[in-house]
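Each residue of the sequence shown is one higher than the one before, starting from 15 at the first, in this note's numbering.
Glycine included, C-beta positions come from ideal geometry on N, C-alpha and C.
Source: prediction; values computed, not measured.
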Amino acid sequence: MSELFQLLHARYGSEQDVRVDGNAVLESLLGHRSVRAFLPDALPPGTLETLIATAQSAPSSSNLQAWSVVAVEDQQRRYRFADWTGGQQHIRDAPLLLVWLADLSRLERLGAQLGEPVAGLDYLDSFLMGVIDAALAAQNVVNAAESLGLGTVYIGAIRNQIDQVAAELALPAKVAPVFGLVIGRPDPTRPAAIKPRLPQSAVLHRERYAVSPEQAAVDVYDTVMRRFYTAQGLPPQAWSAHSVARVRGPETLYGRDRLREQIEALGFFIDN
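Here is the structure:
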């Protein structure tokens, strides 16, 4: 059984009719897993700078590069971030937390220096541009880190308390934290598994959006995820029920129901 075949089987929980020759890049991407058990070892010198170089190699809308990132290595600061994000132990254990930012402040400062208006920054698209640019840059870092034998996990809970995060990082106006990324050496005694994803029939539409294949795909996936959780020693649960419960109401958003007002408090205007 080829490495590519094994990875595809793990990614979908079943055999897949994907007819392509494998290579190191495909195997790395298909083998991605979120790591939540890290060794406390410091990263080798130059690792952070190398990872940021890969981040800056990602596409950027109109080359405006409307993102920034704060590297948090101080242990006490990482402990505070762990507390703000629901007590996530991996933030405490790993040596590096990257906080990714939608950053329109640099363009605003440039406009002031050049004496030019920057009213375009006050539109929703500009904020989305910063978020998208940050996400593209961060995913490059994930791929690069994994190629170096490191593990990663995204921290969406950075958005739970944006005001505290912004104060901790001394963010200027028009800079918003959008997510975190933990990076470190995976603990070999607690290896992470490849989590299966929805069948392609649920997400891949050809020419036009089609709802009809969705239910069958979700039914298959619920079975796959129950099997996956059982293998991981976790209570078996259906993905569909779990996912719907996650979006039941504002009480399940863990503070993110206040996101708009908090982003506006950081100097963004997103009514347009």
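Within its own chain, the residues whose Cβ lies closer than 8 Å to the Cβ of residue 259, once the five positions on either side in sequence are excluded, are 266, listed in chain order.
Residue 282 and residue 44 have their C-alpha atoms some 37 Å from each other.
Distance between residue 184 and residue 35, taken at the CA atoms: about 48 Å. For residue 111, the enclosing beta strand (DSSP E) has its first and last residue at 110-117. By the criterion of a C-beta distance shorter than 6 Å, residue 171 is surrounded in its chain by 99, 100, once the five residues flanking it on both sides are discounted. A Cβ-Cβ separation of about 5 Å places residue 65 in contact with residue 155 under the 8 Å criterion. Only residues of its own chain outside the window of five on either side were considered, and among them 231, 235 have a CB closer than 7 Å to the CB of residue 212, listed in chain order. In this structure the stretch 117-133 does not lie against the stretch 196-207, because fewer than three pairs of beta carbons, one per stretch, are closer than 8 Å. Relative to the Cα of residue 278, the nearest Cα in the group 138, 233, 50, 223 belongs to 138. Residue 195 carries a strand assignment under DSSP once its states are collapsed to helix, strand and coil. Closest in C-alpha terms to residue 59, from the list 109, 165, 247, 117, comes 109. Contact between residue 196 and residue 104 holds, since their C-beta atoms are separated by about 5 Å, short of 8 Å. In this structure, residue 136 keeps its C-beta atom at 7 Å or more from the C-beta atom of residue 80. Excluding the 5 residues flanking it on each side, residue 144 has same chain C-beta neighbours closer than 7 Å at 80, 81, 116, 117, 118, in chain order.
In the three-state reduction of the DSSP assignment, residue 85 falls in the strand class, which pools E and B. Its Cα nearest to that of residue 41, the residue 161 stands out among 271, 74, 161. Under DSSP, residue 52 shares a beta bridge with 200. For residue 122, the closest C-alpha among the options 164, 20, 187, 37 is that of 187. Judged by DSSP secondary structure, residue 144 falls within the alpha helix (DSSP H) whose first and last residues are 138-161. Comparing alpha-carbon positions, the option among 275, 272, 210 lying closest to residue 28 turns out to be 210. In the three-state DSSP reduction, residue 172 falls in the helix class (H, G or I). DSSP places residue 266 within a helical segment (H, G or I) once states are collapsed to three. Put simply, the backbone Cα of residue 75 is about 26 Å away from that of residue 275.
By alpha-carbon distance to residue 179, the top candidate from 92, 242, 61, 51 is 92. Looking at the backbone, the Cα of residue 208 and that of residue 46 are separated by about 7 Å.
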